[in-house]
Amino acid sequence: MKNALLPGLGGPMGRHANPRGVWFNPLPWAFLLATAVFLVLFVRHVPCVQTTAHQQVDMYKLLCYTDIQSSWLGQGFGRGNSPLGSETMLFAPLIAAAILVTRKTATVLFDAPIRRSASLADEVDSSVVFFGLTVLGLFVCFLILVACVAWLGRRRPGRPSWDAVLVAASPVVLAVGLVNWDLVPVAFTALGLVQVARGRLLEAGIVLGLAASAGTMPIGVILAVLVSLGLRGGWRRATAFIAPALVTFFAVHLPLLLQNFDRVYLYYHGEINKGTSYGSLWYVLELMFGLQLRESGPLLFVVLLLGLGAFIAYLYVARKRPRVGSMVAVVVFATLLMGPAFPPQSALWLLLALVLARPYKPELIALSITQVAYYIAIWGWLGGWLTTNQNGPFMLYWAAILLHVAVEVWILAEVVADIVRPARDPLRDPVLPDEKDYLAGFERPTAAATV
């Protein structure tokens, strides 16, 4: 009788029980949690939405900063200005397209006052509509992400994964989900990885090519998938993936390149040549010790390429066959660690990479705590309460940076160890040992739980 009330007061499940139906399907519960989390996220941002022309909102103090409305007002989108910019692109192409579609929807469906002669009050009114529509679109992206993790996570064949709940109820999403549009490329990336897991490399290349047109991090994800497919399945499978990815990426950019090549070039040149800024290890070292790196963006980018190149060469020589999820985590974590800046919304990429590589309690708890702590600290720093010019405990901001960097280094080391010593990786498919010829044909589709 001691087990009669376990688990869940219903007793233990029998060996012949068929765990099917809504109670055993994680998707409805994950979607329910995702809806609740995003609703709280939206309500949390409502106090930061400017509704009158002369309203003063301290978004740092309220911990609800978002680029969505501020970009609309700051870039003059309410007066018809293009999100593609004039001299350089303001956003990645697909994000700019999403802004244009949202603006058109606001005009057609809600009669938002968007015109060249719009007053400041008109711009504020249209920005509120734009913010609401954008939140709705990002919510759809979040649901897509949750559904993709249900496919990619640890699961039995034919059943969704409960790992979807890890993303649906993540404090990271509750903190940074509406800082900007990053949920769009994250959702596209997850959708592309689902296609990789299903062995549909043409579709995977197309979707990840679209993801790379919505943000720069998916470019690294494409590299990770290419390396993993090449080492596990040979150059034919790698080519079958990378060719549609490149074609899609350049097809999206081609009209912009033909219209104004310099505008596209300056955008990506600026992404590489960013200076040392908030949140990075190099920023806190500069604050603490006065260490300044000349041309930090290009320097760190070259170091990152050399490091990843050396690691990939080692995998080739040692005949390792890394999982796609592990390689994605290596590239994402290494890129963010070596970056000259660490925007708080980068935590969304870390969350996806972690769920793919090591969805375990210690790592998830550590990442969630440090990323939420950094999210709080960065607004305190920008708001002036945690700076050396104020009376606040400015070292809390330094500590938040060092803690999130330390956790990311630890997780990266664990993922690298999983790749180097595959026997310690519980998610690895045992039918694909490293000793097998890594250039041989790879016919069996990558299992979803072992991407």
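With the numbering used here as the guide, the letters of the sequence shown map in order to residues 7 to 457. Every residue gets a Cβ at the ideal spot worked out from N, C-alpha and C, and that includes glycine. Since this is a predicted model, take the numbers as computed values, not measurements.
Applying the 10 Å Cβ sphere with the 16-neighbour rule, what's the burial state of residue i?
{"i": "serine 6", "result": "With the chain running from 7 to 457 in the structure shown, residue 6 is simply not present."}
{"i": "valine 290", "result": "buried"}
{"i": "arginine 243", "result": "buried"}
{"i": "arginine 430", "result": "exposed"}
{"i": "alanine 359", "result": "buried"}
{"i": "histidine 60", "result": "exposed"}
{"i": "phenylalanine 44", "result": "buried"}
{"i": "leucine 311", "result": "exposed"}
{"i": "proline 32", "result": "buried"}
{"i": "aspartate 169", "result": "buried"}
{"i": "serine 234", "result": "buried"}
{"i": "serine 133", "result": "buried"}
{"i": "leucine 241", "result": "Here residue 241 turns out to be tryptophan, not leucine, going by the sequence shown. Exposed is the call here."}
{"i": "phenylalanine 448", "result": "For phenylalanine 448, the predicted model reports a pLDDT of 32, less than 50, meaning its position is unreliable and no value from the coordinates is stated."}
{"i": "methionine 401", "result": "exposed"}
{"i": "valine 114", "result": "exposed"}
{"i": "glutamine 201", "result": "buried"}
{"i": "threonine 452", "result": "In this prediction, threonine 452 scores a pLDDT of 39, lower than 50, which makes its location untrustworthy; the coordinate-derived value is nonetheless stated afterwards. With 16 or more other Cβ atoms within 10 Å, it is buried."}
{"i": "histidine 275", "result": "exposed"}
{"i": "alanine 357", "result": "It should be pointed out that residue 357 corresponds to leucine in this sequence rather than to alanine. Buried: at least 16 other Cβ atoms inside 10 Å."}
{"i": "glycine 390", "result": "exposed"}
{"i": "arginine 364", "result": "buried"}
{"i": "leucine 139", "result": "buried"}
{"i": "proline 53", "result": "exposed"}
{"i": "leucine 314", "result": "buried"}
{"i": "glycine 296", "result": "exposed"}
{"i": "leucine 418", "result": "buried"}
{"i": "leucine 321", "result": "buried"}
{"i": "proline 34", "result": "exposed"}
{"i": "arginine 122", "result": "exposed"}
Can you check which of these residues, the options, is closest to residue i by C-alpha distance?
{"i": "glycine 345", "options": "Arg243, Trp416 and Gly226", "result": "Gly226"}
{"i": "leucine 100", "options": "Gln62, Asp64, Ala193 and Ala174", "result": "Ala193"}
{"i": "threonine 195", "options": "Ala175, Trp168, Ala174 and Leu229", "result": "Leu229"}
{"i": "valine 155", "options": "Cys147, Gly143 and Val173", "result": "Val173"}
{"i": "leucine 96", "options": "Leu272, Arg161 and Arg206", "result": "Leu272"}
{"i": "proline 368", "options": "Ala175, Leu149 and Glu420", "result": "Glu420"}
{"i": "alanine 112", "options": "Gly86, Asp169 and Met333", "result": "Gly86"}
{"i": "valine 378", "options": "Gly390, Tyr403, Gly389 and His259", "result": "Tyr403"}
{"i": "tyrosine 366", "options": "Arg160, Val52 and Ser125", "result": "Arg160"}
{"i": "leucine 144", "options": "Pro89, Ile74 and Thr94", "result": "Ile74"}
{"i": "leucine 214", "options": "Pro191, His259 and Leu409", "result": "Pro191"}
{"i": "alanine 405", "options": "Tyr381, Val270, Pro428 and Arg427", "result": "Tyr381"}
{"i": "histidine 259", "options": "Pro34, Ala103 and Gly315", "result": "Ala103"}
{"i": "arginine 206", "options": "Val107, Thr58 and Ile248", "result": "Ile248"}
{"i": "serine 125", "options": "Thr58, Ala42, Arg427 and Thr94", "result": "Thr58"}
{"i": "alanine 42", "options": "Leu263, Trp288, Ala175 and Gly236", "result": "Ala175"}
Thinking residue i and residue j are a contact (beta carbons under 8 Å), I'd like their distance in whole angstroms, please.
{"i": "threonine 72", "j": "leucine 184", "result": "5 Å"}
{"i": "tyrosine 284", "j": "phenylalanine 348", "result": "7 Å"}
{"i": "phenylalanine 83", "j": "isoleucine 105", "result": "7 Å"}
{"i": "valine 141", "j": "phenylalanine 267", "result": "Incorrect: roughly 34 Å between the Cβ atoms, too far for contact."}
{"i": "threonine 422", "j": "valine 309", "result": "The sequence shown places valine at residue 422, rather than the threonine named in the question. In fact, because the Cβ distance is near 17 Å, the residues do not count as touching under 8 Å."}
{"i": "glutamine 351", "j": "asparagine 186", "result": "6 Å"}
{"i": "phenylalanine 116", "j": "valine 146", "result": "With a Cβ gap of about 18 Å, phenylalanine 116 and valine 146 do not count as contacting."}
{"i": "proline 399", "j": "leucine 392", "result": "7 Å"}
Compare the C-beta of residue i against all C-beta atoms of chain D and say whether one is closer than 9 Å.
{"i": "valine 155", "result": "Within the model displayed, chain D is absent; a lone protein chain is all it includes."}
Is the beta carbon of residue j closer than 9 Å to that of residue i?
{"i": "alanine 324", "j": "valine 171", "result": "no"}
{"i": "proline 166", "j": "arginine 238", "result": "no"}
{"i": "leucine 189", "j": "leucine 362", "result": "no"}
{"i": "glycine 211", "j": "proline 250", "result": "yes"}
{"i": "leucine 69", "j": "arginine 50", "result": "yes"}
{"i": "alanine 203", "j": "leucine 158", "result": "yes"}
{"i": "serine 286", "j": "isoleucine 407", "result": "yes"}
{"i": "alanine 319", "j": "leucine 149", "result": "no"}
{"i": "methionine 333", "j": "isoleucine 425", "result": "yes"}
{"i": "arginine 109", "j": "alanine 98", "result": "no"}
{"i": "alanine 153", "j": "leucine 208", "result": "no"}
{"i": "glycine 331", "j": "leucine 197", "result": "no"}
{"i": "arginine 269", "j": "leucine 90", "result": "yes"}
{"i": "proline 224", "j": "lysine 326", "result": "no"}
- When the Cβ atoms of the region 298-314 are set against those of the region 278-288, are three or more pairs found closer than 8 Å? yes
- Message: Would you call the region 170-179 in contact with the region 325-345, where contact means no fewer than 3 C-beta pairs closer than 8 Å?
- Response: no
- Item | Segment contact, 8 Å Cβ cut-off, at least three pairs: the region 71-87 with the region 117-134 | yes
- Query: Between the region 213-226 and the region 246-263, are three or more C-beta pairs nearer than 8 Å?
  - Reply: yes
- Message: Any contact between the region 53-68 and the region 385-394? By contact I mean 3 or more CB pairs, one from each, below 8 Å.
- Response: yes
- May I ask you to verify whether the region 402-421 touches the region 364-383, counting CB pairs closer than 8 Å and requiring at least 3? yes
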